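Structure first, then comments.
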Amino acid sequence: MANNEKGYLALVLHAHLPFIRHPEYEDFLEEDWFFEAMCETYLPLLDIYERLTAEGTDFRVTMSLTPPLCNMMADELLRERFRRYYSLRLELAEKEVVRNRNTQFYEVAKMYEAKFRRIRELYEDYYHGRVLDGFRKFQDMGKLEIITCGATHGFLPLELRKEAVHAQIKLAADDYRKHFGRGPRGIWLAECAYNPGDDVFLKAQGIRYFFLETHGIIYGSPRPRYGVYAPVYCPSGVAAFGRDMESAQQVWSAETGYPGDHRYREFYRDLGYDLEYDYVKPYLHQDGVRRNIGMKYHKITGRVQLDQKAPYNPHEAREVAASHAGNFMFNRERQIEHLEHFLGRKPIVVSMYDAELYGHWWYEGTDFLEFLFKKVHYDQRTIKMVTPSEYLSLHPDNQVVQPSMSTWGDKGYNEVWLNGTNDWMYRHLHKQVERMVELANRFPNADGTLKRALNQCAREVVLGMSSDWAFLMTVGTAKQYSTKRFVSHTHRFNGLYEQIMGNRLEEGWLKDLEWRDNIFPEMDYKVFSTGEMEKAAKG
Amino acid sequence: MTSSGQMKKDNTSPEAEHRALPEGYGGTEAALLPRDPNWMFVYWEISENARKNLRREHGDDVFQKGRQVIRVYDMSDGNGSRYFDISIMHEARSWYVNVQEAGKPYCCEIGLVLPDGRFIGIVKTNTVTLPPGRVSDVTDEKWMAVTADFDKLLQLSGVEYIGKGSGEVAKSLAQRWEMLRAVFSRASSWGVSSMSSQVLQRQPEQQKKFWLVADCEVILYGATEPDAFVTVAGRKVSLNPDGTFSMRFALPDGLMDLPVKAMSKDETDSREIDIKVTRTTNTDGK
Chain A
2 MANNEKGYLA LVLHAHLPFI RHPEYEDFLE EDWFFEAMCE TYLPLLDIYE
52 RLTAEGTDFR VTMSLTPPLC NMMADELLRE RFRRYYSLRL ELAEKEVVRN
102 RNTQFYEVAK MYEAKFRRIR ELYEDYYHGR VLDGFRKFQD MGKLEIITCG
152 ATHGFLPLEL RKEAVHAQIK LAADDYRKHF GRGPRGIWLA ECAYNPGDDV
202 FLKAQGIRYF FLETHGIIYG SPRPRYGVYA PVYCPSGVAA FGRDMESAQQ
252 VWSAETGYPG DHRYREFYRD LGYDLEYDYV KPYLHQDGVR RNIGMKYHKI
302 TGRVQLDQKA PYNPHEAREV AASHAGNFMF NRERQIEHLE HFLGRKPIVV
352 SMYDAELYGH WWYEGTDFLE FLFKKVHYDQ RTIKMVTPSE YLSLHPDNQV
402 VQPSMSTWGD KGYNEVWLNG TNDWMYRHLH KQVERMVELA NRFPNADGTL
452 KRALNQCARE VVLGMSSDWA FLMTVGTAKQ YSTKRFVSHT HRFNGLYEQI
502 MGNRLEEGWL KDLEWRDNIF PEMDYKVFST GEMEKAAKG
Chain B
2 MTSSGQMKKD NTSPEAEHRA LPEGYGGTEA ALLPRDPNWM FVYWEISENA
52 RKNLRREHGD DVFQKGRQVI RVYDMSDGNG SRYFDISIMH EARSWYVNVQ
102 EAGKPYCCEI GLVLPDGRFI GIVKTNTVTL PPGRVSDVTD EKWMAVTADF
152 DKLLQLSGVE YIGKGSGEVA KSLAQRWEML RAVFSRASSW GVSSMSSQVL
202 QRQPEQQKKF WLVADCEVIL YGATEPDAFV TVAGRKVSLN PDGTFSMRFA
252 LPDGLMDLPV KAMSKDETDS REIDIKVTRT TNTDGK
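So the protein sequences, as listed, match chains A and B. With the numbering used here applied, the first sequence corresponds to residues 2 to 540, in that order. With the numbering used here applied, the second sequence corresponds to residues 2 to 287, in that order.
This is the structure:
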């Protein structure tokens, strides 16, 4: 039966969170984003990979694990805090099973208890607190391809200096090598934001491919012969894979996509609000304000008020996820058959999603993926799942096209990251980069405290470059927090810069900043030098 | 601050970070950023020193008598001989610039236009090449053979969704999903062997194995003189060497209008056939 597939499916999950770590606080609300994603997406995905492997089900998936995420996963303090987080959730879940005996919520209460026990088991017994080792294990088996991303998810088309582009890519590649023991073959450009020509910096790090939104390929020049259903090579020889919109919308569309099924879990009805206050208080943050705690007992039910929602039935929801996986596969089979006939070549359908959609926003999304992997493996012969690397080794001949500038944001270009809510950032960001380049060029061989200060400058610059801050300002979520983060990193950088240039470094302050903003422990500020950038650009 | 955190007692060193960011950095500089095929963002800063020098050189009233502008250069020819001006106030410090022609390199210069028409440039930005925002005119040899299929390929690629927000995307897809739903109205009943949902394993329900999938597309075909120029619904069709042609369309519910037009090579004669197809889908799924 080998080689009679009609085309390929590449499933790409982009896992990313901004670097949020506040040792200066005992308890920090926004750190929950990471803990929630660990419990709802990252560990459940590993759980699936473990189970599929144990069952002998072959699968292929490509995941970006961005450098901020890797740094958070590896960080000692956040590991301790994650233990506290899941232990509290497990404690509550265990109480809830007792409380809900003989009620209509018993099944869902048991589900959470089992879930958090499994989280503990995976985190402690399987990975000993080192989840990156878990991902690496499946990469080494050839089932998972881990790709990197700009060092801090920097939005490259709005950078003026190529030194900044080079630094984002080089730091990411170095960080990847440290965690996964080899160089990255692929990269997820933050927000799929591509600026023509930046691919030379990918090539310099040995990166062979990246991903683009549909029109990045379609509007490329010359016209791409196979649309988004075959990768193209940039003039540098780095391959670009384009996003398939049909499969994207099937999952992602808020109105008509799978996650809206009325039998799925309701995201907005949460125990943090439903439970009696004194009972739930130990599981809230220190300020005692009711917030979502990630345990939800109701299903979407329909277009009804939150208090009209019906009890969640885990078995029913799982069945729906199975049928949606079947529907997704059926549609991909038809799509691929049709494309193969139409193109006269085996198409590759690249389905790209935010990883956190699965499990966090769409609770049953992880079940959906598990069913999808199984169905593709056992039930059909039309589709072969591949990683982009596998595809490129099977089909090394591809058209040379210069892709268009594009992003996967609203309206397809840079507006989400450049509008009236956030355009004020760029004069500051560009000034920092300019000064950082100046420092790196001026001090080619710093050591001692100066070297530490320069490295910290580089950390502050890259932290300020995260596309997340501009994004959060646009969507209005956590706007205050994202503004504060950008302003803080700017002040920290400018302060250090002035101290360095004035030859009056305050070591106490430097130490404080090293303790707070400890991303990239192996940072080498020289990554920002013009010489390094030029060397990389020449290839 | 939305955070709930309480400061650690031993670590309450005052942060200099609640200060506002500086207004500027004391230099004279400008930068240009691309937003989309027709919009750019320019920001600038003009130092007090630079203003002083301008006054010294061109008179104390230079900022009053001169019109403050952004001069936008089309850099396609390398030196920006085509340009236009946007009147602004220098105090605005940033501006969104609209250009009619996408896909070109642009550069901006902040300056003054004197009453006699002379331009005084104060500071120039970097050059930015905007994306074309459309399908390239450049085709290679290989591509020519399959030109007629490109529109179809664009549709398959979802080009009609480009640049639409998720709400609009959802809307434009609603019709298709309605169709999918109609077709798959018995969504939970596909008999698939690896269906490892626990419920299904426990209670295999025989009657659920029965299923039906149906959809419909339309094939349009015809023939004319091999050297004629033919369009279907306004789109050019490539003819086979014998003058025949065929196209396959998705057929959503509703009315589809497919006017077929042919023009002779010497453009002296033309023929038209207008085909209308109506589809109505009813299912018992309810």
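Glycine included, C-beta positions come from ideal geometry on N, C-alpha and C. A quick note: this is a predicted structure, and the numbers were derived from the prediction, not measured.
The alpha carbon of Val-132 (chain A) has as its nearest neighbour, out of A:Ala-165, A:Glu-77, A:Trp-362 and A:Val-166, the alpha carbon of A:Glu-77. Going by DSSP, Asp-355 (chain A) is part of no alpha helix (DSSP H) but of the beta strand (DSSP E) stretching over 349-355. For the region 503-537 of chain A, the full-length alpha helix (DSSP H) segments reaching 4 residues or more read 508-517 along the chain. Here Phe-20 (chain A) really is in contact with Met-73 (chain A); their C-beta atoms are around 6 Å apart, less than 8 Å. Separation of the CB atoms of Gly-244 (chain B) and Pro-260 (chain B) is rounded to 19 Å, and the pair is thereby denied contact status at 8 Å. Chain A places a beta carbon closer than 9 Å to that of Asn-127 (chain B), counting this residue as a contact. At a cut-off of 9 Å, the C-beta of Arg-280 (chain B) has no neighbouring C-beta in chain A. Distance from the CA of Phe-42 (chain B) to the CA of Asn-420 (chain A), rounded to the nearest whole angstrom, comes to 9 Å. Excluding five sequence positions before and after Gly-134 (chain B), the CB atoms of its chain that fall closer than 6 Å to its own CB belong to Pro-38 and Ala-103, given in chain order. Here Arg-333 (chain A) really is in contact with Val-350 (chain A); their C-beta atoms are around 6 Å apart, less than 8 Å.
Closest option to Lys-179 (chain A), judged by alpha-carbon separation, among A:Glu-535, A:Leu-44, A:Pro-522 and A:Asn-196: A:Pro-522. Relative to Glu-267 (chain A), the option among A:Gly-360, A:Met-330, A:Pro-225 and A:Thr-475 whose CA is nearest is A:Gly-360. Of all alpha-carbon atoms in B:Ala-229, B:Arg-83, B:Asn-283 and B:Gly-235, the one lying nearest the alpha-carbon of Thr-269 (chain B) is that of B:Ala-229. Residue pairing by DSSP puts Glu-146 (chain A) in a beta bridge opposite A:Thr-63. For Ser-394 (chain A), there is no enclosing beta strand (DSSP E); the residue is part of the alpha helix (DSSP H) that begins and ends at 389-395. Close partners of Gly-255 (chain B) in chain A (Cβ separation under 9 Å) are lacking, with about 18 Å as the shortest Cβ gap. The DSSP assignment places 246-253 as complete runs of the alpha helix (DSSP H) inside the region 220-273 of chain A, in order along the chain (cut-off: 4 residues). Excluding residues up to 5 positions away in sequence, Tyr-265, Ala-318 and Ala-322 lie with their Cβ nearer than 6 Å to the Cβ of Glu-365 (chain A) in the same chain.
For Gly-223 (chain B), the secondary structure class from DSSP, reduced to helix, strand or coil, is strand. Between Gly-413 (chain A) and His-216 (chain A), the beta carbon gap of about 6 Å places them in contact (Cβ cut-off 8 Å).
Considered as a whole, the region 312-376 of chain A harbours 349-355 as its complete beta strand (DSSP E) runs of no fewer than 3 residues, in chain order. Under the Cβ criterion (8 Å, minimum of three pairs), the region 442-453 of chain A does not count as touching the region 389-398 of chain A.
Between Trp-189 (chain A) and chain B, the shortest Cβ-Cβ separation is not below 9 Å. For the pair Asn-101 (chain A) and Glu-515 (chain A), the Cα-to-Cα distance works out to about 47 Å.
In this model, Val-70 (chain B) and Asn-196 (chain A) are separated by some 29 Å (Cα to Cα). Where Ala-32 (chain B) is concerned, the enclosing beta strand (DSSP E) starts and stops at 30-37. Of all C-beta pairs linking the region 16-36 of chain B to the region 428-448 of chain A, three or more are shorter than 8 Å, placing the two stretches in contact. By the C-beta density criterion, Glu-371 (chain A) is buried, having at least 16 other C-beta atoms within 10 angstroms. Neighbours of Tyr-26 (chain B) in chain A, taken as residues at a C-beta separation under 7 Å, are given in chain order as Lys-432.
Lys-282 (chain A) is outside the set of residues whose beta carbon lies under 9 Å from a beta carbon in chain B.
Using a CB distance cut-off of 9 Å, Leu-34 (chain B) counts as an interface residue toward chain A. For Asp-424 (chain A), a Cβ of chain B is located within less than 9 Å of the residue's own Cβ. Of the residues assessed, Met-296 (chain A) falls on the buried side of the cut-off, its CB having 16 or more other CB atoms within 10 angstroms. Apart from the 5 residues on each side of it in sequence, Ser-222 (chain A) sits with its Cβ closer than 6 Å to the Cβ of Gln-403 in its chain, given in chain order. In the structure shown, Phe-106 (chain A) adopts coil according to DSSP, grouped into three states. For the region 218-252 of chain A, the residues whose beta carbon sits under 7 Å from a beta carbon of chain B are, in order, Ile-219, Tyr-220, Gly-221, Ser-222, Pro-223, Arg-224, Arg-226, Gly-228, Val-229, Met-246, Glu-247 and Gln-250.
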